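Going by numbering that gives the first Met the number 0, the sequence shown opens with residue 0, and the numbers climb by one from there.
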Amino acid sequence: MTVTTARWRLLILGGTAEARALAAAVTTRSDVSVVSSLAGRVADPRLPVGEVRIGGFGGATGLARWLTEHRIDAVVDATHPYAARMRVSGIDAAATAGVPHLRLERPGWTAQPADRWHRVADLAAAVAALPTLGRRVLLTTGRQSLATFTPLTDLWFLARVVDAPDGPLPAHVRLLRSRGPYTVDGETALIREHDIDVVVTKDSGGALTEAKLTAARHLGLPVLMVDRPAPAHPPATVTTVDDAVRWLDLHLPAG
0 MTVTTARWRL LILGGTAEAR ALAAAVTTRS DVSVVSSLAG RVADPRLPVG
50 EVRIGGFGGA TGLARWLTEH RIDAVVDATH PYAARMRVSG IDAAATAGVP
100 HLRLERPGWT AQPADRWHRV ADLAAAVAAL PTLGRRVLLT TGRQSLATFT
150 PLTDLWFLAR VVDAPDGPLP AHVRLLRSRG PYTVDGETAL IREHDIDVVV
200 TKDSGGALTE AKLTAARHLG LPVLMVDRPA PAHPPATVTT VDDAVRWLDL
250 HLPAG
């Protein structure tokens, strides 16, 4: 019997659903060893198959050193669309280490004819626009953004997060710890239960959390949509796991 040992080493950056799906797809190849890197910002993350590394690298310089020391042959950055700093570090580190680099990023959401979306460039613009759109807010932009919105004391917030923030929250903010996927019926019931009249979200894309947009559409509610950060222009970008696998077949050929 012939046993094939891994001769290629792949680093996947990110704890997204796409990162997990890619790790599952690539680990079927006996000639590839996969390491998935998670930032460690979620206390109980969903882990991909294969080897997992949790924690930062120390910026682009530290990541480049790690790539060289661990003999990485290719990097796929599948981090969250709003992980702008990690995206730039991945590009710079791969270039420094001379390692092929791919960005895997799911497409953003597309507004439907009945949607009442208000797009803004960033969180600061969202804070400025929000008081004109509603008074009772379903806030789904993550725990790290809570401090940006809490000065709006005339509004009431239902802030949905995976992990609780550090320290107490003011009286006009109610915390809801939850993690998708969500259903349209569930999101509709949540909005009605709390008399929500505006939804605030980032344009994360994907099916896991899209139900809130459908619920808002059916209920005729405005959605304040925070756009993604400007792209960092990686050498190559794909939007599906299948395309990422095809890219790897070119850069980590079997046999």
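Using N, Cα and C, we set each Cβ at its ideal position, and we do this for glycine too. Note that this is a predicted model, so its numbers are computed, not measured.
Residue of Ser144, Leu151, Tyr181 and Leu154 minimising C-alpha distance to Ala163
The option with the nearest alpha carbon to Ala163 is Ser144.
Anticipated Cβ contact below 8 Å, Ala5 with Ser29, distance rounded
That belief holds up - the Cβ atoms of Ala5 and Ser29 are roughly 7 Å apart, short of 8 Å.
What ranges does the beta strand (DSSP E) occupy inside the stretch 68–93, keeping only unbroken runs of at least 3 residues that lie completely in it?
With a minimum length of 3 residues, the continuous beta strand (DSSP E) runs that stay inside the stretch 68–93 are 73–76.
Look at the alpha carbon of His171 and the alpha carbon of Asp184, and state the distance between them as a whole number of angstroms.
Distance between the alpha carbons of His171 and Asp184 is about 26 Å.
Kindly confirm or deny that the stretch 99–113 and the stretch 125–132 touch, where touching means at least three C-beta pairs closer than 8 Å.
Cβ pair count under 8 Å is below three, so no.
According to DSSP, Leu174 sits in a beta bridge with which residue or residues?
Leu174 is bridged by DSSP to Ala158.
In whole angstroms, give me the CA-to-CA distance for His250 and Val98.
Each residue's alpha carbon lies about 10 Å from the other.
Is DSSP giving Ala18 helix, strand or coil here?
Helix, per DSSP.
What are the complete beta strand (DSSP E) segments, minimum 3 residues, inside the stretch 85–146?
Unbroken beta strand (DSSP E) runs of no fewer than 3 residues, entirely contained in the stretch 85–146, are found at 100–103, 115–119 and 135–138, following chain order.
Would you say the stretch 71–80 touches the stretch 13–25, given that touching needs at least three Cβ pairs under 8 Å?
Touching, per the Cβ criterion.
Same chain, Cβ closer than 6 Å to Leu137, neighbours up to 5 away in sequence not counted
Within the same chain, Leu157, Ile195 and Val198 come within 6 Å of Leu137 by CB-CB distance, once the 5 residues on both sides are set aside.
So, with DSSP's three-state summary, where would you put Leu12?
Three-state result, Leu12: strand.
Leaving aside the five residues before and after His217 along the sequence, list all residues of the same chain whose C-beta is less than 7 Å from its C-beta, in chain order.
Answer for His217: Thr187, listed in chain order.
Would you mind stating whether Pro233 and Leu101 have Cβ atoms separated by less than 9 Å?
A contact, by the Cβ cut-off of 9 Å.
So, helix, strand or coil for Arg52, using DSSP?
It is a strand residue.
With DSSP collapsed to three states, give me the class of Leu273.
A question about residue 273 goes unanswered here, because the residues of the chain that appear run from 0 up to 254.
Segment limits, beta strand (DSSP E) that includes Leu223
Taken as a continuous stretch (DSSP letters only), the beta strand (DSSP E) holding Leu223 covers Pro221 to Val225.
Option nearest Val31 by Cα separation, candidates Leu9, Pro230, Thr238 and Gly89
Nearest C-alpha to Val31: Leu9.
Is it right to say Asp43 is buried, meaning 16 or more other beta carbons lie within 10 angstroms of its own, or is it exposed?
In this structure Asp43 is exposed. Its beta-carbon is surrounded by fewer than 16 other beta-carbon atoms within 10 angstroms.
Over what stretch of residues does the alpha helix (DSSP H) that includes Thr187 continue unbroken?
Looking at the DSSP string, the run of the alpha helix (DSSP H) that includes Thr187 is Val183 to Glu192.
Assuming contact is defined by CB atoms lying nearer than 9 Å, are Arg176 and Val160 in contact in what I supplied?
A contact, by the Cβ cut-off of 9 Å.
For the stretch 118–130 and the stretch 221–238, state whether three or more C-beta atom pairs, one from each stretch, are separated by less than 8 Å.
Taking 8 Å as the limit for Cβ pairs, the verdict is that the stretch 221–238 does touch the stretch 118–130.
Beta-carbon proximity check, Ala231 vs Ala83, cutoff 9 Å:
The answer is yes: Cβ separation under 9 Å.
In whole angstroms, what separates the C-alpha of Thr139 from that of Ala20?
Each residue's Cα considered, the two are about 24 Å apart.
Once DSSP output is grouped into helix, strand and coil, what is the label at Thr213?
Correct three-state label for Thr213: helix.
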